[in-house]
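K.L.:
Numbering (the UniProt record's numbering), first residue to last: 1 to 283.
Each residue gets a CB set at the ideal place from its N, CA and C atoms; glycine is no exception.
A single structure is presented below for examination.
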């Protein structure tokens, strides 16, 4: 078990005054069987914002706020203490469903949100032509692991070459991208085989060797989960399952379902953005 303190700050400095804005923040981690949120708060500046919270369709905690007064900057600070206790079960033969089960109407209905390609997950014709040879003769679990290993040999983690609207096919054409691009490509490849897969957004503590109490520069992160009889996780950036240093904030079909902060505004004339994530391991 690992206890982490996370402080996520997002600040916009507008070029001109904003007269009003409507926003949604998805910056509060989930409580689920693998992690428990002990404390959480979200501070918004200017403080006159009208705030409400709700759970969206995917189960993510959303803080919605609108500011109907002139303002020149916006700052959102999410502070969370969370305990993570992930247990990645070994895939036993009796736990893995067969392709006949995976293709059944019952399973396709149960996982109907996670099987169709989404706007960002479609891997493109070239990948769709490659995958059958990569996974030939394998069961669903072996198929997933073969896809991850194939991607490891083809894709490079490179910052600054993609953006939040880049889809899996565009990332593949460059053979590079960041964590969300690798997650999108893996998800699209899995879905092309009929394996349910979903996008996971959250945080990762980047230094397992950091001392207890040492604050480090963390980062927002993306990985995926897929189902082969039970849900399993994989972080294609680090080539391993999610562990106790991964903190889940949101799940969705792709990044578009889980952006940390989004909104619409009137005015502004452009803005400068500053984002920081500080993570402290408490135990």
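CB-CB under 8 Å to residue 62, same chain, minus the five flanking residues each way: which ones, in chain order?
P.N.:
Excluding residues within five positions, the ones whose Cβ falls inside 8 Å are 24, 25, 26, 53, 54, 55, 56.
K.L.:
Count the C-beta pairs between the segment 66-80 and the segment 39-46 that are closer than 8 Å, then say yes if the count reaches three, no if not.
P.N.:
These segments touch.
K.L.:
What are the boundary residues of the beta strand (DSSP E) that residue 111 is part of?
P.N.:
That residue, residue 111, is in no beta strand (DSSP E); it is neither H nor E in DSSP.
K.L.:
Find the nearest neighbour of residue 10 within the set 140, 110, 45, 213, judged by alpha-carbon distance.
P.N.:
Cα-wise, what sits closest to residue 10 is 45.
K.L.:
Note down the Cα distance separating residue 7 from residue 216, rounded to an integer number of angstroms.
P.N.:
Residue 7 and residue 216: Cα-Cα distance of roughly 11 Å.
K.L.:
Give, in chain order, every unbroken run of the beta strand (DSSP E) that is at least 3 residues long and sits entirely within the segment 59-110.
P.N.:
The segment 59-110 contains these whole beta strand (DSSP E) runs: 61-67, 71-84.
K.L.:
Per the DSSP calculation, residue 287 is bridged to which residue(s)?
P.N.:
No answer is possible for residue 287: the residues shown for the chain start at 1 and end at 283.
K.L.:
Would you decide whether residue 236 is buried or exposed? Buried here means 16 or more other CB atoms lie within 10 Å of its CB.
P.N.:
It counts as buried.
K.L.:
Using the DSSP secondary-structure output, state which residues sit across from residue 8 in a beta bridge.
P.N.:
Its beta-bridge partners are 78, 277.
K.L.:
Within 10 angstroms of the Cβ of residue 95, are there 16 or more other Cβ atoms? Answer buried if so, exposed if not.
P.N.:
By the neighbour-count rule (16 or more Cβ atoms within 10 Å), residue 95 is not buried but exposed.
K.L.:
Nearest to residue 251 by CA position, among 264, 50, 180, 270, is which residue?
P.N.:
Checking every option, the nearest Cα to that of residue 251 belongs to 180.
K.L.:
Along the chain, where does the beta strand (DSSP E) containing residue 233 start, and where does it finish?
P.N.:
Per DSSP, residue 233 belongs to the beta strand (DSSP E) from 231-234.
K.L.:
Report yes if the C-beta distance between residue 203 and residue 188 is below 9 Å; otherwise report no.
P.N.:
No, they are not a contact pair.
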